[in-house]
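Colleague: Take this structure first; my questions come after.
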Amino acid sequence: MSGAESFPEIRDAVRKLCAQFPGEYWRALDRERTYPTEFVQALTRAGFLSVLIPEAYGGSGLGLAAATAVLEEIHRSGCNGGACHAQMYTMGTILKHGSEAQKQAYLPKIASGELRLQAFGVTEPTAGTDTTRISTFARREGDHYVVSGQKLWISRAEHSDLMVLLCRTTAREEAAKPSDGMSVLIVDLRDSVGNGLTIRPVRTMLNHATTELFFDGLKVPVENLVGEEGKGFRYILDGMNAERILIASECIGDGRFFVDRASAYAKEREVFGRPIGQNQGVQFPIARAHVQVTAASLMVDKAAAMFDAGEPCGTEANMAKMLASEASWFAADTAIQTHGGFGFAEDYDIERKFRETRLYQVAPISTNLILSHVGTHVLGMPKSF
Ligand SMILES: Cc1cc2nc3c(=O)[nH]c(=O)nc-3n(C[C@H](O)[C@H](O)[C@H](O)COP(=O)(O)OP(=O)(O)OC[C@H]3O[C@@H](n4cnc5c(N)ncnc54)[C@H](O)[C@@H]3O)c2cc1C
Numbered sequence: 002m003s004g005a006e007s008f009p010e011i012r013d014a015v016r017k018l019c020a021q022f023p024g025e026y027w028r029a030l031d032r033e034r035t036y037p038t039e040f041v042q043a044l045t046r047a048g049f050l051s052v053l054i055p056e057a058y059g060g061s062g063l064g065l066a067a068a069t070a071v072l073e074e075i076h077r078s079g080c081n082g083g084a085c086h087a088q089m090y091t092m093g094t095i096l097k098h099g100s101e102a103q104k105q106a107y108l109p110k111i112a113s114g115e116l117r118l119q120a121f122g123v124t125e126p127t128a129g130t131d132t133t134r135i136s137t138f139a140r141r142e143g144d145h146y147v148v149s150g151q152k153l154w155i156s157r158a159e160h161s162d163l164m165v166l167l168c169r170t171t172a173r174e175e176a177a178k179p180s181d182g183m184s185v186l187i188v189d190l191r192d193s194v195g196n197g198l199t200i201r202p203v204r205t206m207l208n209h210a211t212t213e214l215f216f217d218g219l220k221v222p223v224e225n226l227v228g229e230e231g232k233g234f235r236y237i238l239d240g241m242n243a244e245r246i247l248i249a250s251e252c253i254g255d256g257r258f259f260v261d262r263a264s265a266y267a268k269e270r271e272v273f274g275r276p277i278g279q280n281q282g283v284q285f286p287i288a289r290a291h292v293q294v295t296a297a298s299l300m301v302d303k304a305a306a307m308f309d310a311g312e313p314c315g316t317e318a319n320m321a322k323m324l325a326s327e328a329s330w331f332a333a334d335t336a337i338q339t340h341g342g343f344g345f346a347e348d349y350d351i352e353r354k355f356r357e358t359r360l361y362q363v364a365p366i367s368t369n370l371i372l373s374h375v376g377t378h379v380l381g382m383p384k385s386f
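See below:
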């Protein structure tokens, strides 16, 4: 089934909700780089952010394909799920690797929205994409870990109660393998700020509430360790498939937004006495964008179906993210070109979405790293790092 046809009731309900948050709402927030609190609350109340939490823990347990439909429609409507998508998947680390006590303590409250788990801290300024080089360290002292170090690009930390944090518990040089010796901690941000954690916002070209975090002796109870000490890298990798597939679905939504807007404008804007869309130089790029978004959406559907079936889907998640982010970027560029000067006017929302969708070729994983995965893991060519 194509992405556009799946979950019609969910899509319809998401569209209705998004209609309450039109372009003016997002433009005003974008100007001030303000978080869309009302939008996130509305999605939470409607239960859309808990679709991946099993019913036993208070969610709807609908699975990843349903979650992709939610995010795609949010983005197709001109809204931005980047403010809250992490509430959907970050809990997967607790669900898959946490103790029963942790699941009981956190998941029902995340499902109801009582607890916001919007932040996950992996990236560091010096390690970059090479996650095994992270140096934020959690030292065990009795019944606490004491965390010191720095993270960068940690989004939504100021709008979250909890954060899933990846840090070293054994130095890289002392670990059996570079990917060993990292652990996942659940950090309660409400108790932490001012007690060993400082959050500093980073202003970027889009409204993404991203921050820099400084840890200076932050105490985290040992009971907040997820799974086994030293195995955190694997837990985080597990969660990345869901993240990549969901972000790919946001790109599909963005791509459809741009194609919808560009084709509508090309039909109505008249220059030289005829609609600009009658010129094939204008029409064909929009048609090409549609073809590319449609093809990429099939890859997203495939990756989501494999994820929901419990099959390994790392390669498919990566390919879906790459294809979708490139399709949305081509569609964004085409929409700007189609709108001529109006593409640059804030009021049309094209330039805002253009900035927003550009992110996804860099985060959460850059295109080169995906190509490297495919080149070496799928095609067996020599590794370059
Ligand atoms: C707005 C925003 C929000 C983010 N939110 C979060 C978040 O919530 N949590 C979090 O943990 N992280 C977050 N990130 C971080 C994001 O995941 C990283 O920026 C991304 O993974 C790229 O890492 P880097 O910026 O360190 O780039 P680098 O690793 O420094 O890479 C720079 C460039 O070099 C290329 N490159 C590097 N090595 C190679 C190689 N061997 N071969 C070929 N090319 C290579 C990369 O592809 C990239 O294009 C966010 C980033 C942004 C910009």
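Per our numbering: the sequence shown = residues 2 to 386. In this text, a Cβ means the ideal position worked out from N, Cα and C, and glycines have one as well.
1. Nearer than 7 angstroms: is that true of the beta carbon of Pro-365 relative to any heavy atom of ligand 1?
2. Checking the sheet assignment: what are the DSSP bridge partners for Leu-219?
3. Does the beta-carbon distance from Ala-305 to Ile-246 come in below 8 angstroms?
4. Cβ atoms of Ala-328 and Val-294: under 8 angstroms apart, would you say?
5. Could you please give me the residues that DSSP links to Ser-156 through a beta bridge?
6. Can you grab the Cα-Cα spacing for the pair Ser-136 / Glu-174, in whole Å?
7. Below 8 angstroms on the Cβ atoms is my guess for Lys-220 versus Val-165; work out the distance and round it to an integer in Å.
8. To which residues of the same chain is His-378 closer than 6 angstroms at the C-beta, ignoring the five residues directly before and after it?
9. Which stretch, first to last residue, makes up the alpha helix (DSSP H) that contains Phe-22?
10. In this structure, does DSSP put Glu-74 in helix, strand or coil?
11. Out of Ser-264, Thr-171, Ser-113, which has the shortest C-alpha to C-alpha gap to Met-183?
12. Between which residues of its own chain and Thr-124 is the CB-CB distance below 6 angstroms, once the five residues before and five after are set aside?
13. Where Pro-313 and Lys-97 are concerned, what is the direct C-alpha to C-alpha distance, given to the nearest angstrom?
14. Do Leu-18 and Ala-243 count as a contact pair if the criterion is CB distance below 8 angstroms?
15. According to DSSP, is Arg-117 part of a helix, a strand, or is it coil?
16. Take the Cβ of Glu-269 as the centre, count every other Cβ of all protein chains shown within 10 Å, and call the residue buried at 16 or more, exposed below.
17. So, are the CB atoms of Ala-325 and Ala-263 less than 8 angstroms apart?
18. Using the C-alpha atoms, what's the distance from Gly-79 back to Asp-255?
19. Can you grab the Cα-Cα spacing for the pair Leu-198 / Leu-53, in whole Å?
20. Cβ-heavy atom distance between Thr-124 and ligand 1 below 7 angstroms?
Modeller: The structure says:
1. Yes; taking the cut-off as 7 angstroms, the Cβ of Pro-365 has a heavy atom of ligand 1 nearer than that.
2. BP columns for Leu-219 point to Val-148.
3. Yes, the pair counts as a contact, with Cβ atoms nearer than the cut-off.
4. If you check the CB distance, Val-294 and Ala-328 come in under 8 angstroms.
5. Thr-211, per the DSSP bridge assignment.
6. Rounded to the nearest angstrom, the two C-alpha atoms are 11 angstroms apart.
7. About 17 angstroms separates the two Cβ atoms, so there is no contact after all.
8. Correct list: empty, nothing qualifies.
9. Careful: Phe-22 lies outside any alpha helix (DSSP H) and carries neither H nor E.
10. Helix at Glu-74.
11. Measuring from the Cα of Met-183, the nearest candidate turns out to be Thr-171.
12. Result list for Thr-124: Leu-153, Trp-154, in chain order.
13. The alpha-carbon atoms of Pro-313 and Lys-97 are separated by roughly 14 angstroms.
14. For the 8 angstroms CB-CB criterion, Ala-243 and Leu-18 do not form a contact.
15. Three-state DSSP puts Arg-117 in coil, outside helix and strand.
16. Answer is exposed; the Cβ neighbour count stays below 16.
17. Pairing Ala-325 with Ala-263 gives a Cβ-Cβ distance that is not under 8 angstroms.
18. Looking at the backbone, the Cα of Asp-255 and that of Gly-79 are separated by about 7 angstroms.
19. C-alpha separation (whole angstroms): 30 angstroms.
20. In this structure, ligand 1 has a non-hydrogen atom nearer than 7 angstroms to the beta-carbon of Thr-124.
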